[in-house]
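A short write-up of the structure that comes next.
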Amino acid sequence: MNNEFQNATIDGQKVTVYQLGKSSIEWGNGAGTLSDGMDTNKDNQPTRKLTDSAESIIIYFSRSGSTELLASKVERETNADILEVIVKDPYPSNYSKTLSRANFERENQDYPELYMQLPNLDQYKTIYLGYQIWAMTLSHPMTSFLNTYGNQLSNKRIAPFMSEGGYGQGDSVQVIKEILKQQGSTNNTFVPALIVDGNKVDRAGKQVNDWIKYI
Ligand SMILES: Cc1cc2nc3c(=O)[nH]c(=O)nc-3n(C[C@H](O)[C@H](O)[C@H](O)COP(=O)(O)O)c2cc1C
Numbered sequence: 001m002n003n004e005f006q007n008a009t010i011d012g013q014k015v016t017v018y019q020l021g022k023s024s025i026e027w028g029n030g031a032g033t034l035s036d037g038m039d040t041n042k043d044n045q046p047t048r049k050l051t052d053s054a055e056s057i058i059i060y061f062s063r064s065g066s067t068e069l070l071a072s073k074v075e076r077e078t079n080a081d082i083l084e085v086i087v088k089d090p091y092p093s094n095y096s097k098t099l100s101r102a103n104f105e106r107e108n109q110d111y112p113e114l115y116m117q118l119p120n121l122d123q124y125k126t127i128y129l130g131y132q133i134w135a136m137t138l139s140h141p142m143t144s145f146l147n148t149y150g151n152q153l154s155n156k157r158i159a160p161f162m163s164e165g166g167y168g169q170g171d172s173v174q175v176i177k178e179i180l181k182q183q184g185s186t187n188n189t190f191v192p193a194l195i196v197d198g199n200k201v202d203r204a205g206k207q208v209n210d211w212i213k214y215i
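Structure follows, in structure tokens:
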């Protein structure tokens with residue numbers, strides 16, 4: 001891991017990233033990426049840092065750690081609160097099994113059940129939404145999150161950030177906007193998304209800093 005990210009923590013817990021240190025060929029645009037089968041880290045408690053004073057909150061999901069590392073960096077730069085999106089049944093460590101499950105979910109629009117509670121969001125002006133690209137669109141845990149809680153995001157500024165396999169953001173931001181609208185969320189503003197390749201998140205320090213300064 002790049003120096004700046006060595007021993008990265010989030011909410012005091014270690015961030016483990018499965019896509020780092022691989023050549024482009026080994027990485028294969030993220031295909032084959034393992035996880036520990038607990039959506040990031042079986043040794044950690046779900047991230048949940050909530051204060052009375054923060055004006056922003058980072059809400060993120062990460063199966064294999066790349067988006068979590070970005071979230072940790074955003075938190076360091078902004079001191080925002082943090083909330084991890086947790087699904088009831090974690091995605092398998094095996095990539096092919098995860099892909100099969102994700103394909104089934106998408107084809108059937110049967111998105112995962114969540115296992116988390118949303119705090120009151122009144123104090124926050126900005127919501128940093130951290131997710132990954134699956135099949136060129138929004139990953140399913142974030143889809144479930146917005147389907148479930150989108151109605152509580154009215155009047156918020158939405159700052160999307162994502163990690164992906166090198167094929168870009170797909171239609172993910174458009175999908176976020178559509179779900180928020182469907183759920184009755186009004187008066188949202190959007191800032192341009194931050195997009196980082198999943199195997200380069202440890203080299204994204206400047207990109208994250210520039211993005212935060214810009215927005
Ligand atoms: C089921 C699945 C589908 C994926 N589809 C895409 C895709 O269409 N385009 C892309 O660029 N990356 C794709 N990826 C790669 C992930 O977006 C990438 O590995 C990301 O960094 C994972 O983030 P995470 O470590 O936070 O889970 C896919 C990964 C999975 C598991």
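Counted the way the UniProt record's numbering counts, the sequence shown spans residues 1 to 215.
Glycine is no exception: its CB is placed at the ideal position from the N, C-alpha and C atoms.
What number of angstroms, rounded off, separates the C-alpha of residue i from the C-alpha of residue j?
i: Ser154; j: Leu180; result: 8 Å
i: Glu26; j: Ile58; result: 31 Å
i: Leu20; j: Ala8; result: 13 Å
i: Val17; j: Asn187; result: 35 Å
i: Gly198; j: Ser66; result: 5 Å
i: Asp210; j: Lys156; result: 21 Å
i: Leu99; j: Lys125; result: 35 Å
i: Ile82; j: Asn41; result: 16 Å
i: Asp52; j: Gln123; result: 8 Å
i: Ser24; j: Asn44; result: 29 Å
Could you name the residues of the same chain whose beta carbon sits closer than 6 Å to that of residue i, not counting the 5 residues immediately before and after it, in chain order?
i: Gln183; result: Gly150, Asn151
For residue i, which residues from the same chain have a beta carbon less than 7 Å from its beta carbon, with the 5 sequence-adjacent residues on both sides left out?
i: Ser185; result: Gly150, Asn151, Leu153, Ser154
i: Arg203; result: Asn2
If you follow the alpha helix (DSSP H) that residue i is in, where does it begin and where does it stop?
i: Pro141; result: 140-149
i: Ile158; result: Counting along the chain, Ile158 falls outside any alpha helix (DSSP H), though it belongs to the beta strand (DSSP E) covering 157-164.
i: Gly205; result: 205-214
Would residue i pass as a contact of residue j if the rule is Cβ separation under 7 Å?
i: Leu121; j: Val175; result: no
i: Phe190; j: Tyr131; result: no
i: Gly205; j: Glu68; result: no
i: Ser93; j: Arg63; result: no
Which first and last residues belong to the beta strand (DSSP E) in which residue i is found?
i: Ile25; result: Careful: Ile25 lies outside any beta strand (DSSP E), inside the alpha helix (DSSP H) at 24-27.
i: residue 224; result: The first residue shown for the chain is 1 and the last is 215, placing residue 224 beyond what the model contains.
Give a yes or no on whether the minimum CB-CB distance between residue i and chain B is below 7 Å.
i: Met1; result: This model lacks chain B altogether; it includes just one protein chain.
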